[in-house]
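Taking it in order: structure first as structure tokens, then the write-up.
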Amino acid sequence: MVRVIRKSTAALGLVLGAVALAVPAQADELRDAVGEDMPGLMELYKDLHANPELSFQEFETAKKLAARARDLGFEVTEGVGQTGVVAVMRNGEGPTVMLRADMDGLPVTEQTGLPYASKAKGVPASGIESGLMHACGHDTHMAAWIGAAQLLAERKDEWQGTLVMILQPAEELGLGALAMLEDGLFTRFPKPDYVLGFHDAAGAPAGAIGYAKGYALANVDSVDITVKGVGGHGAYPHTTKDPIVVASSIVMRLQTLVSREKNPLDPAVVTVGSFLAGAKHNIIPDEAKLQLTVRSYGAESRAALLEGIERIAKAEAMAAGMPEDRMPVVSVQDPYLPSTYNTPEFTEQVMAGLSERFGERVFETPPVMGGEDFGQFYLADPENIESLIFWVGGVPQDQWAKSEAGELELPSLHSPFWAPDAEAVISTATEAMTAATLDLLPRKGG
Ligand SMILES: [Zn+2]
Ligand SMILES: [Zn+2]
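Here the working numbering runs 58 ahead of the position in the sequence shown, where the first position is 1.
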């Protein structure tokens, strides 16, 4: 679901273009170990890539990875939040770190032409059969998840505490994290002090690591407005109350929520993505339907936008003289997708460690108005949980260079052409997740 990362500035592109290619400065034992594991992880990646499954249907994916985690010595529970997997490794007194990967593919027919391209098909909620593809790169997340699990299991004598590794279903629906929480993720299993995850990025070069401090991703609300009217003949508008005209006024007036009512320094988006009404030239219908996506960061900002939408819809109907019993109906989808907050001190701490390891490949990036349900884990207990999701650039270096030169339009996440440099994403993320976890779970007393 995430739509991540700006294109970097030209300067950053230069730096990353040069640096991300190179094997970073101090190669170390952990990096060597990742390198040794990469052939196996790429094999796993290609298998996952060729066999995507839709949200809440990740049966084979979950089974496959659960078995591997079990082989590594984790206590594994399947079927948490429908298809979710929880793998726990207890290793003495200490804090609890949770690492999350999401599992679902998308109803997109792959057009990358890769030898391991998906030929899978499935039926999403729309009921229309479609090709399936890991077009959001969740296959890279899962491969790196196994990569980190292997390294941490092999290094039990280097850390102390509890490791909870989860495979989350249905990120693309924004429902999987909540499903796992509601199925007892934090009550049946050790509750984390720290939550970490990453997402591949289609707007950054392969091997770059981006992060936002504080808000990283937005609140996402889906709002439906049914504008009622009094239908009739198109030639006799005075005998009707035209819902198309009212809905049009609503669409225009909604634009003032962001431009006139909100503090310009507090970002928000109100987009009307669908406007449906009427059937024929000369009939004024009795209804028009609008579908909106509404983006914000804070709770107050969100509440003000939703209140404003309700107020504007009603006021425009009143301005048109709509009868009291034909007022618009505004409904906000529940649950909504809450914003993702990277707790600032924790983010600084983890990124300081990763900067030491990866040097200039690490950069701070502004938040985006995309959505992710990763934030749910933090929101389950914001007083006691530190949380961070970071981005790992996936654009192959040659394509990045062409795009910087204006010679190539890059595909975005969810594109049928999205083919990340999986090797760079998986090796970078495996090393980053493992190194961060080792730092967070230090061995006590030698
Ligand atoms: Zn996605
Ligand atoms: Zn995604």
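For every residue, glycine included, the Cβ atom is placed at its ideal position computed from N, Cα and C.
Would Y294 be called buried (16 or more neighbouring beta carbons within 10 Å of its own) or exposed? For the purposes of this step, residue 294 is identified with residue 236 of the sequence shown, where counting begins at 1. Classification for Y294: exposed.
Less than 7 Å separating the beta-carbons of T492 and E444? Within the sequence shown, residue 492 is the residue found at index 434, counting from 1. Within the sequence shown, residue 444 is the residue found at index 386, counting from 1. In this structure, E444 does not lie closer than 7 Å to T492 by Cβ.
Give the single residue among G268, L312, K299 whose Cα lies nearest to the Cα of V281. The residue labelled residue 281 in the question sits at position 223 within the sequence shown. V281 has its Cα closest to that of L312, out of G268, L312, K299.
Quick one: residues in its chain with C-beta nearer than 6 Å to the C-beta of L106, no 5 flanking neighbours on either side, listed in chain order? Taking the first residue of the sequence shown as position 1, residue 106 is located at position 48. Taking L106 as the centre and dropping the five residues before and after it, the same chain places the C-beta of D197, M200 closer than 6 Å to its C-beta, in chain order.
Between the C-alpha atoms of G429 and L275, what's the straight-line distance to the nearest angstrom? If you number the sequence shown from 1, residue 429 lands on position 371. If you number the sequence shown from 1, residue 275 lands on position 217. Each residue's alpha carbon lies about 5 Å from the other.
Bridge-paired residues (DSSP) for P263: On the sequence shown, position 205 is the one that residue 263 refers to. DSSP output for P263 lists V453 as bridge partner(s).
Looking only at its own chain, which residues have a Cβ that is under 7 Å from the Cβ of K372, when we skip the five neighbours before and after it? Locating residue 372 in the sequence shown gives position 314, where the first residue counts as 1. Residues M385, P386 of the same chain have their beta carbon placed closer than 7 Å to that of K372, with the five preceding and five following residues left out of the count.
Thinking just about the alpha-carbon of each residue, which of V181, A477, E368, G163 is nearest to the one in V505? Residue 505 lies beyond the range of the chain shown here (59 to 504); nothing can be said about it.
Within the continuous beta strand (DSSP E) that includes M156, where are the two ends? In the sequence shown, residue 156 corresponds to position 98, counting from 1. 154-160 is the extent of the beta strand (DSSP E) around M156.
So for L135, helix, strand or coil by DSSP? Here residue 135 refers to the residue found at position 77 when the sequence shown is read from its first residue. Reading off the sequence, residue 135 comes out as Thr, not Leu. Under the three-state reduction of DSSP output, T135 falls in the strand class.
Strand pairing of D279, partner residues [DSSP]: Within the sequence shown, the letter at position 221 stands for residue 279. DSSP output for D279 lists V352 as bridge partner(s).
For H196, which three-state DSSP category applies? Stepping through the sequence shown from its first residue, residue 196 is reached at position 138. Correct three-state label for H196: helix.
Roughly how many angstroms lie between the CA atoms of F258 and T486, to the nearest whole one? Start at 1 with the first residue of the sequence shown, and residue 258 comes out as number 200. Start at 1 with the first residue of the sequence shown, and residue 486 comes out as number 428. Here residue 258 turns out to be Asp, not Phe, going by the sequence shown. Whole-angstrom Cα-Cα distance: 10 Å.
Applying the 10 Å Cβ sphere with the 16-neighbour rule, what's the burial state of R318? Counting from one through the sequence shown, the residue named residue 318 turns up at place 260. By the C-beta density criterion, R318 is exposed, having fewer than 16 other C-beta atoms within 10 angstroms.
Rounding to the nearest angstrom, what Cα-Cα distance links G171 and A346 in this structure? Your numbering for residue 171 matches position 113 in the sequence shown. Your numbering for residue 346 matches position 288 in the sequence shown. Those two C-alpha atoms are separated by around 42 Å.
Applying the criterion that 16 or more other CB atoms from any shown protein chain within 10 Å of the CB defines a buried residue, is E502 buried or exposed? For the purposes of this step, residue 502 is taken as residue 444 along the sequence shown, with counting starting at 1. Reading off the sequence shown, one finds Lys at residue 502, where the question assumed Glu. Counting the other CB atoms within 10 Å of its CB gives K502 a total below 16, which places it among the exposed residues.
Taking 8 Å as the threshold, find out whether the stretch 88-97 comes into contact with the stretch 132-146 through three or more Cβ pairs. At 8 Å Cβ cutoff, the stretches do not touch.
List the residues that DSSP assigns as beta-bridge partners of V285. For the purposes of this step, residue 285 is taken as residue 227 along the sequence shown, with counting starting at 1. DSSP lists A346 as the beta-bridge partner residues of V285.
Write down the C-beta distance between F244 and A438 rounded to the nearest angstrom, noting that I regard them as a contact closer than 8 Å. Along the sequence shown, one-based indexing puts residue 244 at 186. Along the sequence shown, one-based indexing puts residue 438 at 380. Sure, about 6 Å apart at Cβ, within 8 Å.
When you compare each of A235, K121, A206, D129 to G139 by their alpha carbons, which one comes out closest? Counting from 1 along the sequence shown, the entry for residue 139 is found at position 81. Comparing Cα positions, the closest option is A235.
Could you give the distance in angstroms between the alpha-carbon of Q84 and the alpha-carbon of H472? The count along the sequence shown starts at 1 and reaches residue 84 at position 26. The count along the sequence shown starts at 1 and reaches residue 472 at position 414. Since pLDDT at Q84 reaches only 48, below the 50 mark, its modelled position is unreliable, and no value is offered.
Whole angstroms is fine: what's the gap from V352's alpha carbon to E229's? Along the sequence shown, one-based indexing puts residue 352 at 294. Along the sequence shown, one-based indexing puts residue 229 at 171. Computed Cα separation, rounded: 19 Å.
So M238 and L157 are in contact, right, with Cβ under 8 Å, and what is the actual spacing, rounded? For the purposes of this step, residue 238 is taken as residue 180 along the sequence shown, with counting starting at 1. For the purposes of this step, residue 157 is taken as residue 99 along the sequence shown, with counting starting at 1. The C-beta separation of M238 from L157 comes to about 14 Å, leaving the pair out of contact by the 8 Å criterion.
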